[in-house]
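In my numbering, the protein residues as written are 1 to 167.
Heads up, the beta-carbon is just placed ideally off N, CA and C, and yes, glycines get one too.
I have placed the structure first, in the form of structure tokens, so that the comments after it can refer back to it.
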């Protein structure tokens, strides 16, 4: 802070300039573009014995966790999860993401006797800097065969391009 001058014996003008410069510096810092590095999540099968090609299967009518990802800290507002899936002849199903607090992405419908790749970009709505679990869940909605979900690749990402639905 500068020395008070004759017209401002208490130094109020100098303090106001000093506060203004600090506010300007903070505004400039907050306006800088930030780089958020994706934080990888490491999935593990909920069933200890996935198939030899790393698919987990379910025939349950309700959403069943097939892959679990421990989240040591929610360090970003988005979750990116990409995985392959397949269904048997005449069997349909759905997949979605689910957090430990019950927040869920929208379900994606899986056609009968088909396969493909799904990518979720989900705004998880969890409290940042808390720990939690993220599950990849699936269910069979019709038919007699299994709905199978392969080992997912997952990371926490910035919210850009993410939605509450996830897909």
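- Residue state for residue 141 is assigned as strand, using DSSP reduced to three classes.
- By the Cβ neighbour-count rule, residue 67 is buried, with 16 or more other Cβ atoms within 10 Å of its own.
- Measuring C-alpha to C-alpha distances from residue 61 to each of 157, 147, 55 identifies 147 as the nearest.
- Residues of the same chain with a CB within less than 6 Å of the CB of residue 55, apart from the 5 flanking positions on each side, are 148, 150 in chain order.
- Contact between residue 145 and residue 91 is confirmed by a C-beta separation of about 4 Å, below the 8 Å threshold.
- Residue pairing by DSSP places residue 100 opposite no residue, since no beta bridge is assigned to it.
- In the three-state reduction of the DSSP assignment, residue 126 falls in the coil class, being assigned neither a helical nor a strand state.
- The closest CA to that of residue 70, considering only 17, 155, 52, 112, is found on 155.
- Unbroken beta strand (DSSP E) runs of no fewer than 3 residues, entirely contained in the region 12 to 85, are found at 39 to 41, 43 to 45, 55 to 58, 64 to 71, following chain order.
- In summary, residue 58 is buried, with 16 or more beta-carbon neighbours lying within 10 Å of its beta-carbon over all protein chains present.
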